[in-house]
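Residue numbers are given in the working numbering: position 163 of the sequence shown equals residue 249, and the series is strictly consecutive.
Using N, Cα and C, we set each Cβ at its ideal position, and we do this for glycine too.
Every value quoted in this text rests on a predicted model; they were computed, and no experiment measured them.
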Amino acid sequence: MFRKSIPTLCDVLGKSAAIYPGKCLCGRVQFAVEGTPDWVAVEHSHFYRRSHACMNIAVAGYKPQKFVVTEGEGLLHRKPFDTIYKHTCKACGTHVYDDWLSYHKKVIFPPQLDSMGGNHKYSADWEAFHPQFHIHYNSALLPVYDGLPKYAQLPKEWRGGTGELVSEDLSYPYSAKS
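Rendered as structure tokens:
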């Protein structure tokens with residue numbers, strides 16, 4: 087199998103910024119991004135909860151030219167969902183990245199980056215991938231008290247976004263008291 091070396095990758099992505107490699111669980115699909123993302127958000131939508139089996143997930147948006155699959159491109163399964171194309175590894179099933187067509191972004195999941203593995207407190211790259219805001223917070227199942235802005239849907243600058251901010255406290259239609 088052809089594997090792009092780091093010097094070749096630097097030629098493809100550019101030499102001015104840091105290169106962050108990442109991979110799926112089995113390691114057969116590998117990718118890299120150049121530099122810091124355009125934005126990092128905590129995503130709370132039903133789509134991401136279901137596709138990642140988690141309450142929320144960090145997502146980082148990159149311009150397409152700052153992203154490259156370096157190994158295993160033939161192992162990627164591409165599945166359309168409205169204006170998102172989900173890319174998963176055929177070998178292990180990992181949700182590797184998405185194409186957000188409406189926003190012209192490649193969206194990665196920072197925990198899949200090699201430098202973010204393990205405990206983020208020990209990663210020198212943590213600051214570059216620290217979330218800046220929450221999106222689809224009106225779909226959140228648990229409150230997150232981190233002081234970051236919480237968008238009910240999306241920021242106003244994004245297509246279809248209202249920019250409506252909501253409280254960190256969530257209102258539930260039920261009471262925990264019996």
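Asked                                                                                                                                               : Found
Near Val119, what residues of its chain come up, given a Cβ to Cβ distance below 7 Å and the 5 sequence neighbours on each side ignored?            : Tyr106, Tyr148, Lys152, Phe153 and Ile194
Does the distance from the CB of His216 to the CB of Val126 come in under 8 Å?                                                                      : yes
Alpha carbon to alpha carbon, what distance is there between Leu234 and Glu250?                                                                     : 14 Å
Should the stretch 130-149 be regarded as contacting the stretch 219-233, the criterion being three or more beta carbon pairs within less than 8 Å? : yes
With a 10 Å radius around its C-beta and 16 neighbouring C-beta atoms as the bar for buried, classify Gly158 as buried or exposed.                  : buried
Going by DSSP in three states, Arg164 sits in which element: helix, strand or coil?                                                                 : strand
Taking DSSP as the reference, what is the three-state secondary structure of Lys176?                                                                : coil
Is the beta carbon of Leu256 closer than 8 Å to that of Met141?                                                                                     : no
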